[in-house]
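So the structure is just underneath, and the comments pick up after that.
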Amino acid sequence: MQDFETWGTLEDWLPITASRNAKWWYSTFHIVTAMVGAGVLALPYTMSELGWGTGVTVLTISWIITLYTLWQMVEMHEMLPGRRFDRYHELGQYAFGEKLGLYVVVPQQLIVEVGINIVYMITGGTSLKKFHNTVCDNCKNIKLTYFILIYASVHFVLSHLPSFNSIYGLSLAASVMSFSYSTIAWVATVHKGVQDNVQYDFRDKTTSGTIFDFFSALGSVAFAYAGHNVVLEIQATMPSTSERPSKAPMWRGVIIAYIIVALCYFPVAIIGYWMFGNMVGENILISLEKPKWLIAMANMFVVVHVIGGYQLYAMPVFDMIETMMVRNMNFQPSKMLRFVVRNVYVGLHCSRYNINDFDMYWRIEENH
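Numbering-wise (the UniProt record's numbering), the sequence shown opens with residue 1 and increments by one.
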């Protein structure tokens, strides 16, 4: 077993702090990957629930507010001289106290990160299935379960990348895919043109339905600007000195990332709603239908994106579990410990119980 004599300190072994040589553009890749998910394809539908004025206003205000709150977190990373808040829960402990900070922050952070990992596991399998069905519409139908297992098999390999910095290549690929399928969505929509008898009034004609749609859309927009819960962990991978603190390169990366986010979100939301009005599908690709090769390509781009996104959100969870195993359960930091922890984590996400539950959900959705 390799111990602290081999690794130095626990911080030198843990995935968040093992490597602190990230470049500023790494943060751009990571933030775009964390924020621009497949949910961008649902923004035209969200616009149909809000209407023109409210929809554009909510998207814009959310972009500004979340950029401001992200700037605050970047500033707080090193707000105390000589100390870095490398993890979200460390900032929570400083704000609320050692124990209360853990109780307040860790459960919420785990709910978000583990929840996103489960959703990405299902999204990856579903997009693989859609890709298969699109390119081979005469082939025998294959259960979603098998596509999820194919997607999961990738993570049984990638989850053994040792540190947050080691996944920057995945984040680069994922962010390129995010921008690509967003661009495909709005360019293909422009090519299809404004539909006949397009209408821009609210989808639901009842007052109660309109109110429900409004709040549902607000939630969708709020979740569209995600990623704040991994910002401190991203910044922790950057070098920092008293002369050049990490916030300078981090903020540069954030600005570029938010410009890319705007280029993904606003064209898809506005053009999608403009062309289809309140008849737009919950996923803009559903409304497009053709050409098939373009829809297939977009679905494969989604698969690549959620591969990178899964690893991005899993890395802080790995860090928490491995910290607990070493500090609280007296395991030695080793490759074997990491091998077991990460394989079990991925395995639980594609377990028969989870797959059957979500398989039933997706079959119900596909029948609607």
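Using N, Cα and C, we set each Cβ at its ideal position, and we do this for glycine too.
Cβ distance (whole Å) where residue i is taken to contact residue j below 8 angstroms
| i | j | result |
| --- | --- | --- |
| H77 | Q235 | 5 angstroms |
| G39 | I307 | Contact doesn't hold; Cβ gap of about 16 angstroms is too wide. |
| L232 | F85 | 6 angstroms |
| G272 | A185 | 7 angstroms |
| E346 | L43 | First, the residue type needs correcting, since residue 346 is Val and not Glu in the sequence shown. V346 to L43, Cβ: 30 angstroms. No contact. |
| Y26 | T241 | Contact flag wrong, Cβ pair sits at about 18 angstroms. |
| V280 | Y45 | 6 angstroms |
| I270 | V56 | 7 angstroms |
| N229 | E113 | 7 angstroms |
| A226 | M35 | 6 angstroms |
| W13 | P333 | 4 angstroms |
| T189 | M79 | Wrong, their Cβ atoms sit about 44 angstroms apart, outside the cutoff. |
| G309 | Y151 | Not really, about 12 angstroms apart at Cβ, beyond 8 angstroms. |
| L59 | F215 | Actually they are not in contact, since the Cβ atoms of L59 and F215 sit about 16 angstroms apart, beyond 8 angstroms. |
| N328 | L41 | That belief does not hold up - the Cβ atoms of N328 and L41 are roughly 42 angstroms apart, past 8 angstroms. |
| S19 | S163 | 5 angstroms |
| A224 | H305 | Not really, about 14 angstroms apart at Cβ, beyond 8 angstroms. |
| L128 | V303 | 6 angstroms |
| T126 | L144 | 6 angstroms |
Residue i burial status per 10 Å Cβ neighbour count (16 or more: buried)
| i | result |
| --- | --- |
| D196 | exposed |
| H191 | exposed |
| C350 | buried |
| R83 | exposed |
| V261 | buried |
| G277 | buried |
| F147 | buried |
| Y68 | exposed |
| Q311 | buried |
| residue 369 | In the structure displayed, the chain extends from 1 to 368; residue 369 sits before or after that span and is not available. |
| D213 | buried |
| T9 | exposed |
| F4 | At F4 the pLDDT is 47, less than 50, meaning the model places this residue with poor confidence; the figure from the coordinates comes in the next sentence. The residue is exposed, with fewer than 16 neighbouring Cβ atoms inside 10 Å. |
| C136 | exposed |
| W293 | exposed |
| Q199 | exposed |
| F239 | The residue you asked about is not Phe; residue 239 is Pro in the sequence shown. P239 is exposed by the Cβ-count criterion. |
| P15 | buried |
| S246 | buried |
| K99 | exposed |
| I111 | exposed |
| I301 | Looking at the sequence shown, residue 301 is not Ile but Phe. The residue in question, F301, is buried, as its Cβ has 16 or more Cβ neighbours within 10 Å. |
| A298 | buried |
| F179 | buried |
| E49 | buried |
| I122 | buried |
| V157 | exposed |
| I64 | exposed |
| Q93 | buried |
Any non-hydrogen atom of the ligand FAD closer than 7 angstroms to residue i Cβ
| i | result |
| --- | --- |
| M73 | You won't find the ligand FAD in this model; it holds no ligand whatsoever. |
is_contact[residue i, chain D] using C-beta, thresh 8 angstroms
| i | result |
| --- | --- |
| R83 | Annotation note: the requested chain D is absent from the structure, which comprises a single protein chain. |
Checklist entry - With contact counted as at least three CB pairs below 8 angstroms, one residue from each stretch, are the segment 23 to 30 and the segment 167 to 180 in contact? => result With contact defined as three or more Cβ pairs closer than 8 angstroms, the segment 23 to 30 and the segment 167 to 180 are in contact.
Next on the checklist: Within 8 angstroms, do at least three Cβ pairs link the segment 338 to 353 to the segment 318 to 330?
Outcome noted: Judged by Cβ distances under 8 angstroms, the segment 318 to 330 makes contact with the segment 338 to 353, as three or more pairs qualify.
Item to check | Unbroken stretches of the alpha helix (DSSP H), 4 residues or longer, contained in the segment 6 to 87 | outcome: The segment 6 to 87 contains these whole alpha helix (DSSP H) runs: 10 to 13, 24 to 35, 43 to 50, 52 to 76.
Item to check | Entirely enclosed alpha helix (DSSP H) segments - the segment 84 to 152, minimum 4 residues | outcome: Here the runs fully enclosed are 88 to 96, 98 to 135.
Next on the checklist: Measuring CB atoms only, is the segment 100 to 107 touching the segment 234 to 253, in the sense that at least three cross pairs come out at less than 8 angstroms?
Outcome noted: The segment 100 to 107, when compared against the segment 234 to 253, does not touch it at the 8 angstroms Cβ threshold.
Item to check | Those runs of the alpha helix (DSSP H) which lie wholly inside the segment 279 to 336 and span at least 4 residues | outcome: Entirely contained in the segment 279 to 336, the alpha helix (DSSP H) runs reaching 4 residues are, in chain order, 284 to 288, 292 to 327.
Checklist entry - Considering only residues of the segment 181 to 221, which uninterrupted beta strand (DSSP E) runs meet the minimum length of 3 residues and lie entirely inside it, listed in chain order? => result With a minimum length of 3 residues, no continuous beta strand (DSSP E) run stays inside the segment 181 to 221.
Item to check | Any alpha helix (DSSP H) of 4 or more consecutive residues that is wholly inside the segment 226 to 283 | outcome: Positions of the alpha helix (DSSP H) runs, each at least 4 residues long and wholly inside the segment 226 to 283, are given as 231 to 235, 247 to 276 in order along the chain.
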